[in-house]
Amino acid sequence: MSPSRVPHPLETPVTFVKRVGPRRADVFASMEIHTVRDLFHMYPRKYLDRRSIVKIRDLWQYVDTGMEVTVVAIVRGKDIVRSYKKRERFILVVGDEQSFMDCIWFQRVRTMDRIFRKGERLALSGQVTDYNGTIQMVHPAFDRLSPHKDDEDEHNWEEMFNTGRILPIYTETADMKDAGLEGSVLRSIVLHAFEKHGTYIEEHLPQEVIDRRKLMKYPAALSAVHFPHSSEEIQRARERLKYDELFFLQMLLGYRRRGAQRVPGISFNVKSNLARTLVARLPFALTAAQKRVINEIASDMESNKPMHRLLQGDVGSGKTIVSVLSMLVAIDNDYQTVFMVPTEILAVQHYTTLRRLLEPIGLEPVLLIGSQKKNERKPIEESVADGRAKVIIGTHALFQESISFHKLGFIVIDEQHRFGVMQRLRLYEKAKTPETNGRSPDLLILTATPIPRTLSLTLYGDLDTSIIDERPPGRKDVRTAVRSKNERDKVYVFARDEVKKGRQVYVVYPLIEQSEKVDLKAAKEGYEELQKGIFKDYSVALLHGKMSREDNEEIMAQFRDGRIDVLVATTVIEVGVDVPNATIMIIEHAERFGLSQLHQLRGRVGRGTDQSYCILIHYLSPYNKAAAFNRGSFNERSLLKDEEKQKGMIRLETIASTEDGFKIAEVDLQLRGPGEFFGIRQSGFPELKLASLVDDRELLDQARSDAFAIVKTDPHLREDSHESLRHHFEHYMKPLLDLTRAG
């Protein structure tokens, strides 16, 4: 599928759309809107239903109900009023045919005074209050309905947008507003683009798929999402556009899986003497879940197709030993292995762990990280290049040009989402050496972040999945408690009592040093407080990401050996540390941590047979909306802060209520959304603008089924019914399709 030489009409630069000059084109470009097609996919964030606008005279019935209502009114006057405390507020007086109301702003007073003009028509939305007999809206959301004076054209805007219509409302940034790209102007530009280029919008899905899923036609859906006639039409249009996003994403996954299966792989002899020797030396027995996963991996390794497997398992479930045993199979077949991790601290910790496991059976792992000096790296690089190094542990440093492999056959990637697509591709390219005869290495991806099924289908839908769903025998549940800052002293008395019994304690802070901008306890300050205070009779140490590798290793070794009683740290101990005698995890300012971080941190305790505890200390104070409003400080910023506090408490309550990583991940996905949850932007896939991996699970399953079926039965899209689909790929998906071989 080679791209056409003739640009598609929808690829016309947005500069050629009426009312888009160079300045506005630059603003659009900053939003990744370069073409008419990009403009068509700038979807409205909401809609204003002009068919059900409330008259100002009827607002009294909504006073103090908490309901948000919308009015359309004309600006009649404005003023800046100063209170007796010299605090300013901006009052905008608006009216419709019969009545008036006041709109109040306590923030950006001078700015608000500049942006409104007398006589312009606005749509205002917010909650309604009564102030001394006058209807008020405090900090209402607003949209301009009438055009700027310098933006008049031949359209009858009153008829077009302001009478009995559903009005699209687009996201407007400060730069857009400065360039006049707001309200009716923005709607006008989209309308002009449709009038000139809308006829070039073509259907690209096969008719059989449209019929099977009862989907709206694509041209109609794209038009309806911008200029709808009913709420039902909006719903149908959005469903069709969501389906498209999920369908093409799944097609890319289907091609990625197909590409991986077509590349020749290494057929390993899985009877490994090294693996048997290591198992015999382990001080513990493998769990049934670990044995099951090892068999699944061994089956892949025996095949002549490259393994692409995702291994999920909670912290402490034993993913590392499974990975090491799999690597030993490759080494027994005379291949090199790589264990790639995202941070140097984690690389050092894995290096220490693997040395402890492998040196007794005659293997010496090597470490490659960016902070190594040239004279330290050179002999390591030489041992990697000539094949003497069989186990290579490293970070992004493995991608550097100076690194070349002799015979790389097995790659383990820990937390793959932290690596970009092109970085992973470079590692695959390095594995192509004469000694491997062009065969692709096996790939095992590890994650301690349980992935909800919908997200797994999106990010890792091309991989086979294994799950270690069993904890090692003898381990107890970690008792988790949420405590306020007022209960902090009691928490540390409890921790000191545990130290007296010979146990060890983690204390985790979100920052290294106190910041004036962020009101957090810093690790250094906390370390000094604890060292001189409640733990003055015990050994207290500080660990953070700015320390040297040597100091980091030394402190961790002392803590592991029991020579340090209390380890004060930042989140550098989030992963990789295994100290069975550490039974207490205290997390300061726990409301500032994400759910995944909290879950990972809790996993640092409970690794032995003793009862362990995780105590989350939060610094949230109760927030009273009514009191804030009475003080005159009720504004959007306050609402935002209150919402963040609510999310913080939801995170803490979730962690306290369950140790099920998948339940925690589902809540995390709902709170943060998929892009923030797991770095989708790095994965080489198109952005999901409408579809939600949380809410559109049924649609995702349908799109996946349809897309994978087409890739399987007609991978080159040569059937007549797939001609439009092939053209769509040639124009828009080819660059992403090239990335699918990055796996």
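The numbering of the sequence shown is the numbering used here, which starts it at 140 and goes up by one. We treat Cβ as the ideally placed atom computed from N, Cα and C, and that holds for glycine.
Asked, Found
"Do you know whose CA, among Thr619, Ala486 and Ser191, lies nearest His738's CA?", "Thr619"
"Quick check on the DSSP output: the beta strand (DSSP E) that includes Arg215 runs from which residue to which?", "Glu207 to Arg221"
"Should Met446 be labelled buried (16 or more other beta-carbon atoms within 10 Å of its own) or exposed?", "buried"
"Just checking my contact of Arg448 with Ser605 at CB under 8 Å: how many whole Å lie between their CB atoms?", "6 Å"
"Please go through the same chain and pick out, in chain order, the residues whose beta-carbon is closer than 8 Å to the beta-carbon of Lys217, but skip the five residues on each side of it.", "Phe229, Ile230, Leu231, Val232, Asp252, Phe255 and Lys257"
"Could you tell me whether the Cβ atoms of Glu574 and Ser541 are closer together than 8 Å?", "no"
"To the nearest angstrom, report how far apart Leu838 and Ser406 are at their CA atoms.", "38 Å"
"Less than 8 Å between the C-beta atoms of Ala634 and Tyr648, yes or no?", "no"
"Starting from the C-beta of Asn434, find all residues in its chain whose C-beta is less than 6 Å away, skip the five residues before and the five after it, and write them out in chain order.", "none"
"If you draw a straight line from the C-alpha of Arg196 to the C-alpha of Gln237, how long is it?", "7 Å"
"Count the other CB atoms within 10 Å of the CB of Arg176; is the residue buried (16 or more) or exposed (fewer)?", "buried"
"DSSP on Ser831, reduced to helix/strand/coil?", "coil"
"I'd like the list of long-range same chain contacts for Leu497, defined as Cβ closer than 7 Å, with 5 residues on each side in sequence excluded.", "Pro504 and Val530"
"Kindly indicate the opening and closing residues of the alpha helix (DSSP H) around Phe167.", "Pro161 to Ser169"
"At 3 residues or longer, and completely inside the segment 601-681: list those beta strand (DSSP E) runs for me, N to C.", "603-607, 618-623 and 643-647"
"Please name the residue in Leu650, Leu388, Tyr490 and His147 whose C-alpha comes closest to that of Glu664.", "Leu650"
"Would you mind stating whether Thr426 and Val480 have Cβ atoms separated by less than 8 Å?", "no"
"Does the segment 363-380 come close enough to the segment 840-858 that 3 or more CB-CB pairs lie under 8 Å?", "no"
"Nearest CA to the CA of Gln539: which residue from Ile508, Gly526 and Pro854?", "Ile508"
"To the nearest angstrom, how far is it from the Cα of Arg857 to the Cα of Thr482?", "45 Å"
"Alpha carbon to alpha carbon, how far is Asn514 from Val523? Give it in angstroms, no decimals.", "15 Å"
"Between Phe544 and Lys569, how many whole angstroms is the CB-CB distance? I'm expecting something under 8 Å.", "6 Å"
"CB Lys444 to CB Gln400, shorter than 8 Å?", "yes"
"Once the 5 residues before and after Val214 are set aside, which same chain residues still bring their CB inside 7 Å of it?", "Leu231, Val233, Phe255, Arg256, Lys257, Gly258, Glu259 and Leu261"
"For the beta strand (DSSP E) that contains Gln266, what are its first and last residues?", "Arg260 to Tyr270"
"From the DSSP secondary-structure annotation, give me the bridge partner or partners of Ala280.", "Ser264"
"From what residue to what residue does the beta strand (DSSP E) around Val480 run?", "Here Val480 belongs to no beta strand (DSSP E), and DSSP marks it neither H nor E."
"When burial is assigned at 16 or more other CB atoms within 10 Å of the CB, is Glu637 buried or exposed?", "buried"
"Please classify Gln200: does DSSP put it in a helix, a strand, or coil?", "helix"
"By how many angstroms is the C-alpha of Ile349 removed from the C-alpha of Met355?", "7 Å"
"Applying the criterion that 16 or more other CB atoms from any shown protein chain within 10 Å of the CB defines a buried residue, is Pro279 buried or exposed?", "buried"
"Should Arg304 and Arg189 be called a contact, given that it needs their Cβ atoms to be closer than 8 Å?", "yes"
"Within this structure, are the beta carbons of Asp235 and Val210 separated by less than 8 Å?", "yes"
"Just to confirm, are Pro403 and Gly577 a CB contact at a threshold of 8 Å?", "yes"
"Let me check understanding here. Comparing Cα to Cα, which of Tyr567, Ile723 and Lys615 lies closest to Val644?", "Ile723"
"Which residue wins for smallest C-alpha separation from Asp859, given the options Asp314, Leu344, Val159 and Ser222?", "Leu344"
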